[in-house]
Amino acid sequence: MRMSEGDLAVTKAGGRPTKAQAAARDEALLDAARRLFSERGYAGTSIDQVAATLGWSKHTVYNRHAGKLPLLEAVVDRDVGRFIAALEDAGQGTDPLASLRAMARTYFVFSASPGYAALYAAIALEAANSAHLRERLRAWAAAALKPMLDAIEQVAQLARWQKHGVDEACQLLVDLLDGEASRAKWDGIVGDHLEQRFERRWEIFRRMMFDDLDDDRGAERQR
């Protein structure tokens with residue numbers, strides 16, 4: 000449903016929007032921009048189109064973001080923040096390996112989401128001709144993966160590690176998950192079948208990374 004300027008026009012005394020109303024406007028704008036970037040790509044999306052989707056004037060959009068690129072960056076900043084929060088929430092357990100597995104599963108679910116894939120395919124296409132966007136993609140990826148890197152480092156301290164660095168291990172895990180998530184999207188895999196695909200990739204990673212991991216964990220429990 001389109002949210003017009005009138006829908007958000009209720010303000011506190013003095014005519015200025017409350018913090019909650021301003022936040023609602025910001026969220027509505029980012030939602031609309033994300034949808035258009037995903038559906039039409041960066042080049043196929045204009046500020047006029049974003050404004051029209053919301054029933055706003057384009058000046059209302061420009062009051063919040065100086066142009067299309069800053070708007071895209073705000074969309075991705077929000078996505079990355081939500082992704083990091085989801086990983087951190089998944090990794091709250093006390094067992095390091097179980098926490099890493101939960102993070103990996105959360106990553107896989109995000110990666111297998113068609114909405115996630117559409118937006119980041121559009122960004123990657125634009126980044127091919129934009130050094131600025133390529134640098135931003137590297138920064139976003141580094142921030143998004145830090146919780147998983149930290150979790151791998153914790154697991155490596157408890158188990159016999161098979162001579163893989165933490166960065167390399169994270170890259171291998173991401174490659175395993177992204178590759179399978181991409182195939183799952185193309186194959187239309189959902190539900191239990193998607194879970195099975197994750198389990199296969201997780202088991203491959205576990206066996207690649209750890210030597211006699213179960214023995215190590217058993218020894219830890221006996222101490």
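Quick note: the sequence shown, position 85, residue 84 per numbering that gives the first Met the number 0, numbers continuous. We put the CB at the ideal spot given by N, CA and C, even for glycine.
ask   = Do Lys67 and Ser45 come within 9 Å of each other at the CB atom, strictly closer than that value?
value = yes
ask   = Can you name the start and end residues of the alpha helix (DSSP H) that Gln170 belongs to?
value = Taken as a continuous stretch (DSSP letters only), the alpha helix (DSSP H) holding Gln170 covers Val165 to Asp186.
query = What are the residues that DSSP puts in a beta bridge with Trp160?
reply = Phe209
task = For the alpha helix (DSSP H) containing Asp78, list its first residue and its last residue.
result = According to the DSSP assignment, Asp78 belongs to the alpha helix (DSSP H) that extends over Lys67 to Ala89.
inquiry  = So for Pro146, helix, strand or coil by DSSP?
reply    = helix
query = What's the C-alpha gap between Ala51 and Lys57?
reply = 8 Å
Range covered by the alpha helix (DSSP H) that runs through Val113 = As written in the sequence, residue 113 is Pro, which differs from the Val given in the question. Counting along the chain, the alpha helix (DSSP H) containing Pro113 begins and ends at Pro113 to Ala126.
inquiry  = Only counting the same chain, and skipping five residues up and downstream in sequence, which positions put a Cβ closer than 6 Å to that of Ser98?
reply    = Its chain contains Gly90, Gly92 and Ala150 as the residues whose beta carbon lies nearer than 6 Å to that of Ser98, once the 5 sequence neighbours on both sides are disregarded; these appear in chain order.
Chain-order list of residues whose beta-carbon lies under 6 Å from that of Ala117 (same chain, five-residue window excluded) = Ser37
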